[in-house]
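In the order they appear, the protein sequences are chains A and B.
Counting in this note's numbering, the first sequence runs from 1 upward without gaps.
Counting in this note's numbering, the second sequence runs from 1 upward without gaps.
Glycine included, each C-beta is placed from N, C-alpha and C at the ideal position.
None of the values given here were measured: they were computed from a predicted structure.
Number of protein chains: 2
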Amino acid sequence: MEIKPIDRLSVATIRSLLIDMINKSNSGHPGMALDITPAMYVLFKNHLVADPKNPNWINRDRFVLSSGHTCALLYSMLHVSGYKVTMDDLKNFRQLHSKTPGHPEVGWTDGVDASAGPLGQGIGQAVGMAMAESAIEASYPNGSEIMNHYTYCLCGDGCLEEGISQEVISFAGLQKFNKLILIYDENVSTLDGPTSNSMNDDVAMRFKSVHWNVIDVPNGEDMAAIDDAIVEAKKSVDAPTVIILHTKIGYGTALEGKNKCHGSPLGKEIGDAAKANYGFNEPEFTVSQEVYDNMAANFGARGAKAYAAYVEAKAAWDKANPEAAETLANAFARNVAPYIAKLDEVALDANNATRNVSGNCVSKVVASIPFTLGGSADVAASVKTEIKGDPGFGPATRNARNVNYGIREFGMATINNGILLHGGFITYGGSFLVFADYFKNAIRMAAIQNLPEIFLLSHDSVAVGEDGPTHEPIEQLAALRTTPNVRVYRPCDSRETVASWKCALEEKSHVSCLILSRQNLPLNENSSEAGVRCGGYTVLENKDANVELIAAGSEVGLAVAVKPLLEEKGYKVKIVSMPCCEIFDEQDASYKASVLNLPRAQRVAIEMAHGATWYKYADHVISYDKYGVSAPASKAIEAIGFTADKVAARILDELK
Amino acid sequence: MEIKPIDRLSVATIRSLLIDMINKSNSGHPGMALDITPAMYVLFKNHLVADPKNPNWINRDRFVLSSGHTCALLYSMLHVSGYKVTMDDLKNFRQLHSKTPGHPEVGWTDGVDASAGPLGQGIGQAVGMAMAESAIEASYPNGSEIMNHYTYCLCGDGCLEEGISQEVISFAGLQKFNKLILIYDENVSTLDGPTSNSMNDDVAMRFKSVHWNVIDVPNGEDMAAIDDAIVEAKKSVDAPTVIILHTKIGYGTALEGKNKCHGSPLGKEIGDAAKANYGFNEPEFTVSQEVYDNMAANFGARGAKAYAAYVEAKAAWDKANPEAAETLANAFARNVAPYIAKLDEVALDANNATRNVSGNCVSKVVASIPFTLGGSADVAASVKTEIKGDPGFGPATRNARNVNYGIREFGMATINNGILLHGGFITYGGSFLVFADYFKNAIRMAAIQNLPEIFLLSHDSVAVGEDGPTHEPIEQLAALRTTPNVRVYRPCDSRETVASWKCALEEKSHVSCLILSRQNLPLNENSSEAGVRCGGYTVLENKDANVELIAAGSEVGLAVAVKPLLEEKGYKVKIVSMPCCEIFDEQDASYKASVLNLPRAQRVAIEMAHGATWYKYADHVISYDKYGVSAPASKAIEAIGFTADKVAARILDELK
């Protein structure tokens, strides 16, 4: 790359824009945004293939800003590159409902491929995108004609200090995702001071230890070297590449090299001086036509040409591969209609663990959908996530469907988020419910991005037994049920499990968590898919009832066992199964009143977990709010007071 | 080390014991336990300095079994080494209330220095122990006379695949904890299959990249090589050491090298064959006297001698350093009585952010306690965790008090857990509330181990403002409040903040989470420390009230602002501040009824977060159960309906 005056002007313009944005909003993070501007510019000008007029083109290069706090730079870049981010949008940085919120929000701003903010997860999302790309290419006939792009990701020190980064770079190295290019901005500063206060990793060696291709760019201002590095990275055939870019935070400002410019506006004085230092002496929010023209002639023209060529090639491919074309369309639309009826063929066992029933759904139905990718964090045999006979996704088997994510729950979730952001697959990830703690924020990031992620979370209560308190979930159900956009299904039997899978597969915008038992649960004769679709419903009607038992999962069977014990004492009992509180809450008032139709004081919720969230539905809550015990399941359940006898006694005491 | 028949017999005995334990309980994890037995034996026989008769001796070597699922080995080892783990205890492996639960539980079984189970965290806890050791040694006169021990940790593939491992090994490398020795069992198998399915890290290079000393032991059966490796590791002067031990899972059994033996009992047939293969042909649960004698003559005698020498040296040190001796005693007893009164000197600002008030508590009171270690995950300036003038803990400043944990929330929490397990310090760790998600399971592990951890969690609501939804907590309060043994304090003003700090410092067995505001909050004229100590209390009494408003944190001030608007409509209003629901729940019924004394239907809880947990106290909950928005705080609050006007309108609507 020969550096011309227009390149310097463009970089200076973008830097000035982001300084103005942050100053105007009096909020934002100029430091790193300024030092990575040249790299971002070179990437957009010379490499990134995307078409602002078709921002959701499935074969565009993906770009993930893992250091989401530097988004003022991304918005400036999108603006000069022709995306629907106007000058007014830039002036409304971080203002209510603007197209330029404080961290990137996918689906809200054209050109933003992933939401970001919580550090490290962007790398995982990028790994997922690269994985989806490679899997689509390998899964369709002449796949490279329809899917063949790079995934770029930009991160800083924070992303690499977070442990999640190690999980996903290790996975990406093993998987040899050669079209994944990570640009690491080593600006030797974090919010609290010099990075050396908290990290002295030999980052190149760290990446080499997980088999990445490493390219060092000693000077982040050297656009030719950056360009060479990206050219070189794109040539990698068997490893992802990290480009280590050495920069100075707040480049060109009076605060260069100082952590003070990380998270605070520069202010007018320092900002103006910096702009002058960049050779930019225009009024605020100025972009000259030649800068727009430069981006249009390079980034814009390249993307438009590539998009047009793709449309043509895709039409030919569709014609040559009509069946595959239909599958691909279904895959990107998440259209499961052609496959979902098969779920009705799953056996409704009279007494089985819901994890096993879920396993049957995986092996009989998920296996029949040609566009799924899923697995578990090394608990496939326990959570029953495996499609039998599948070789496992790997560098030589990129059309395989089972994924061994390793003992990396957080990594698994962020990678699946990336796959869904990319599009083309339904994903699922299995773990023990208690370890939802390890990837809680990735569940949140799925939910905040409206990704229809599916998590299979088994071993759902103290009935885990021998593994003891560290493995027995107590508060996890409450944590998931209170996370917006998450639907927590805790099915009580085979029928509800199959129905939950159906809902999860059909889902377009909510996270689905299927909470599965380790132990066998009896089939309830009145359970129903229609009931699950209402969130909660009556499974044992009693028009004369004066007590309403509300339960989920294994406690529905418990409620059935408790009923005669209460009847012995003269109570008349009705039982409600509540597999999904969030869906129940969305029903209309009359439906809700038809299910919970006794006064609150006559309602009793039963769950072998923390009970706090059940008071929404009942005055009386029979729950277990402490840590569990290590013992065989039946002994553990008895020890914590969840036998039918003990629960009945507690209910009688409550109702007194 | 010259290998003698007794060494082989001891190893065979221990292996046979653990096979018997797992077979008898029909539950457990024999695979890795068997392959690391020689290493565990060499460590205990020749190196570990501890006295079974004084298992809580503060200067003992620490041993953390990060791969907690292999605890059958640890219990066998403790048994033959003279700890209070009887043969009956071994026979009751994983049974209710036995001394040998399914994963190690600290405080329950002598010789268990840390609870374990959730993978990776054991390494973090060991790092914390090594840190505490080095900090005590550096902080007291002639500190090495009272504190001078090693910390050993044993882990497997799972621990290293988890990202948390990277956070803490990076920190330990930077900090040069040379007395930390990690034994990594590379048995090339995980639960789901060969490790190569999910990980091909060059582990030696990975550790070198974070400046560890690496020693490779090619054959895990070679006890002489293991001994040499530990001898060598103990000589390290400026780096922690990892010993990479190459083994075969399920060594010596018919399932050697197969993942099938990871988590399932071997059964009698395979077990008996394995025992014969080890040259051990005794009945089940047999330990010959010579094995006990061997351990007593080596491990036992070494520990007893060291303990006796320590008692003598410590007495002399106490005499020479009476003031330091008192401080040390207070430190290990967590006796804050001599310091706590200073909290009353913290200014009660009429209008200040509670994060700032907390910062004042840190700089004025925490700074005066000579045995604290704390800091933040790179948000010191935002969460106000810094003691001014402190140089920051580092290899050359091990008597410093501020810790830069880096952008490693999970690492921070596990390290602090390790420091508390070790004893000698009060710890605190700061982050944004929303990122409690990143270390939720470490909060749980603190709580499950009854560690009086203090977490400072600021930016506690949508009032975060410009950073937007990824940075705005919604469900985190519910997640923390439902975690057993955790006390969540959400103070409404300066006075409640100081009181919360007081409670947290005095705490002996619960985790304290102080939830702090970014924005200013007004001082409530009736707020009180006594009230905080009851969890909830009336801050605005009204004997004629027909509406009870219940709130916490910033919403107490909001309730005060809402009151006149309700009064305009004829309501008579009382206000309850509920800074800590968990403490309130523990009060006696009469106190609770005196605070919440109207019928549920006349109670309204207000919180700018998910409301699910508030229905325990009120029929009406004014909450915000969706994701937030990016905008300046006042605009964001208005957008989500939390101005006094809008809240009043919602309440009037609810009460209709």
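Tell me which residues of the stretch 173-195 of chain B have at least one Cβ-Cβ distance to chain A shorter than 9 Å, keeping chain order.
Here the close residues are G173, L174, T190, L191, D192, G193 and T195.
Whose CA, out of B:T190, B:A648, B:E496 and B:L154, lies closest to the CA of A353 of chain B?
The residue given as residue 353 of chain B occupies position 353 in the second sequence. Residue B:E496 is the option with its Cα nearest to A353 of chain B.
Name the two residues that bound the continuous alpha helix (DSSP H) containing N277 of chain A.
If you number the first sequence from 1, residue 277 of chain A lands on position 277. That run of the alpha helix (DSSP H) goes G267 to N277.
Can you list, in chain order, the stretches of the alpha helix (DSSP H) that have 4 or more residues and sit fully within the stretch 482-506 of chain A?
List check, alpha helix (DSSP H) in window: 494-506.
What residues of chain B sit near Q626 of chain A, judged by a beta carbon separation below 7 Å?
Position 626 of the first sequence, counted from the first residue, corresponds to residue 626 of chain A. Reading off the sequence shown, one finds Lys at residue 626 of chain A, where the question assumed Gln. Within chain B, the residues near K626 of chain A are P484.
Nearest CA to the CA of H459 of chain B: which residue from B:A447, B:P473, B:N26 and B:N330?
Residue numbering aside, residue 459 of chain B sits at position 459 when the second sequence is read from its first letter. That would be B:P473, whose Cα lies nearest to the Cα of H459 of chain B.
Keeping to the same chain, check which residues put their C-beta closer than 8 Å to that of H610 of chain A; ignore five residues upstream and five downstream.
For this step, residue 610 of chain A is matched to residue 610 along the first sequence. Closer than 8 Å at Cβ, skipping near neighbours: I474, E475, L477, A478, S623, Y624 and D625.
Span separating the alpha-carbon of M287 of chain A from that of L96 of chain A:
As a first step, residue 287 of chain A is located in the first sequence; it is residue number 287 there, counting from the start. As a first step, residue 96 of chain A is located in the first sequence; it is residue number 96 there, counting from the start. Here residue 287 of chain A turns out to be Val, not Met, going by the sequence shown. For V287 of chain A and L96 of chain A, the distance between alpha carbons rounds to 24 Å.
Sequence-distant residues of its chain with Cβ nearer than 7 Å to A724 of chain A (five each side left out):
Nothing about residue 724 of chain A can be read from this structure; chain A reaches only from 1 to 656.
To which residues of the same chain is F435 of chain A closer than 6 Å at the C-beta, ignoring the five residues directly before and after it?
Along the first sequence, read from residue 1 onward, the residue named residue 435 of chain A stands at position 435. Same-chain partners within the cutoff: E409.
Does DSSP classify C580 of chain A as helix, strand or coil?
In the first sequence, residue 580 of chain A corresponds to position 580, counting from 1. Three-state DSSP puts C580 of chain A in coil, outside helix and strand.
Name the DSSP bridge partner or partners of F455 of chain B?
Your numbering for residue 455 of chain B matches position 455 in the second sequence. B:G429 and B:C513, per the DSSP bridge assignment.
So P522 of chain B is in the beta strand (DSSP E); what residue range does that whole segment cover?
Walking along the second sequence from the start, residue 522 of chain B turns up at place 522. Unbroken beta strand (DSSP E) run through P522 of chain B: N520 to P522.
Check for me: the beta strand (DSSP E) holding F435 of chain B runs from which residue to which?
Position 435 of the second sequence, counting from 1, holds the residue named residue 435 of chain B. No beta strand (DSSP E) contains F435 of chain B, which DSSP labels as neither H nor E.
Between the Cα of S527 of chain A and the Cα atoms of A:S512, A:V556, A:D544 and A:R401, which residue gives the shortest distance?
Numbered from 1 along the first sequence, position 527 holds the residue referred to as residue 527 of chain A. For S527 of chain A, the closest of A:S512, A:V556, A:D544 and A:R401 by C-alpha to C-alpha distance is A:V556.
Under 9 Å from the C-beta of H103 of chain B: neighbouring residues of chain A:
Within the second sequence, residue 103 of chain B is the residue found at index 103, counting from 1. Those within 9 Å of H103 of chain B in chain A are D467, G468, P469, T470, H471 and S630.
Mind checking E586 of chain B: buried by the 16 CB within 10 Å criterion, or exposed?
As a working note, residue 586 of chain B is residue 586 in the second sequence. By the neighbour-count rule (16 or more Cβ atoms within 10 Å), E586 of chain B is not buried but exposed.
Does the beta carbon of H262 of chain B sit closer than 7 Å to a beta carbon anywhere in chain A?
The residue labelled residue 262 of chain B in the question sits at position 262 within the second sequence. No, no contact with chain A.
Identify the contact partners of V379 of chain B in chain A, using a Cβ-Cβ distance below 8 Å as the criterion.
Start at 1 with the first residue of the second sequence, and residue 379 of chain B comes out as number 379. Going along chain A in sequence order, the residues near V379 of chain B (Cβ under 8 Å) are L191 and D192.
Which value, in whole angstroms, describes the spacing of the CA atoms of N485 of chain B and R533 of chain B?
Within the second sequence, numbered from 1, the residue matching residue 485 of chain B stands at position 485. Within the second sequence, numbered from 1, the residue matching residue 533 of chain B stands at position 533. When rounded, the distance between both Cα atoms is 16 Å.
Mind checking Q166 of chain B: buried by the 16 CB within 10 Å criterion, or exposed?
Translated into positions along the second sequence, residue 166 of chain B becomes position 166. Q166 of chain B counts as buried, since no fewer than 16 other beta carbons sit within 10 angstroms of its beta carbon.
Going by C-alpha distance, which of B:L328, B:D390, B:I606 and B:T13 is nearest A132 of chain B?
Counting from one through the second sequence, the residue named residue 132 of chain B turns up at place 132. Measuring from the Cα of A132 of chain B, the nearest candidate turns out to be B:L328.
Inter-stretch contact at 8 Å, needing at least 3 Cβ pairs: the stretch 358-366 of chain A / the stretch 381-391 of chain A:
Yes: at least three Cβ pairs fall under 8 Å.
Tell me the DSSP bridge mates of N351 of chain A?
Position 351 of the first sequence holds residue 351 of chain A. Answer is A:P522, bridged to N351 of chain A.
Tell me the DSSP secondary structure of E548 of chain B in three-state form.
Numbered from its first residue, the second sequence carries residue 548 of chain B at position 548. Note: E548 of chain B maps to strand in three-state DSSP.
For V629 of chain A, which three-state DSSP category applies?
Indexing the first sequence from 1 puts residue 629 of chain A at position 629. The answer is coil: DSSP assigns V629 of chain A none of H, G, I, E or B.
Cβ neighbour criterion (16 or more within 10 Å) applied to D653 of chain B:
Counting from one through the second sequence, the residue named residue 653 of chain B turns up at place 653. D653 of chain B comes out exposed.
How many angstroms separate the CA atom of E506 of chain B from the CA atom of Y438 of chain A?
As a position in the second sequence, residue 506 of chain B is number 506, starting the count at 1. As a position in the first sequence, residue 438 of chain A is number 438, starting the count at 1. Their backbone Cα atoms lie some 29 Å apart in a straight line.
The alpha helix (DSSP H) that contains A605 of chain B, what's its start and end?
As a first step, residue 605 of chain B must be located in the second sequence, where it is residue number 605. Segment R603 to I606 is the beta strand (DSSP E) holding A605 of chain B; no alpha helix (DSSP H) there.
Among A:V576, A:I575, A:L245 and A:A306, which has the Cα closest to the Cα of M223 of chain A?
Taking the first residue of the first sequence as 1, we reach residue 223 of chain A at position 223. Of A:V576, A:I575, A:L245 and A:A306, the residue nearest in Cα terms is A:L245.
Quick one: does M87 of chain A have its CB under 7 Å from some CB of chain B?
Reading the first sequence from its first residue, position 87 is the one you call residue 87 of chain A. Cβ-Cβ to chain B under 7 Å: no for M87 of chain A.
Taking its Cβ as the centre, do 16 or more other Cβ atoms sit within 10 Å of D185 of chain A, making it buried, or is it exposed?
By 1-based counting over the first sequence, the position of residue 185 of chain A is 185. Counting of Cβ neighbours within 10 angstroms places D185 of chain A among the buried residues, the total reaching 16 or more.
Beta carbon proximity, E162 of chain A to chain B, threshold 7 Å:
Against the first sequence, residue 162 of chain A aligns to sequence position 162. Closer than 7 Å to some Cβ of chain B, the Cβ of E162 of chain A qualifies, so yes.
Establish whether the CB of T613 of chain A and some CB of chain B are separated by less than 7 Å.
Numbered from its first residue, the first sequence carries residue 613 of chain A at position 613. Answer yes: the Cβ-Cβ gap between T613 of chain A and chain B drops below 7 Å somewhere.
Who are the Cβ neighbours of K572 of chain B in its own chain at under 8 Å, not counting the five residues just before and after it?
Taking the second sequence and counting its residues from 1, one reaches residue 572 of chain B at position 572. The answer, listed in chain order, is N542, D544, A545, N546 and V547.
Threshold first: 3 residues or longer. Then list the beta strand (DSSP E) segments lying entirely within the stretch 124-207 of chain A, N to C.
As far as the stretch 124-207 of chain A is concerned, its whole beta strand (DSSP E) runs of at least 3 residues are 151-155 and 180-186.
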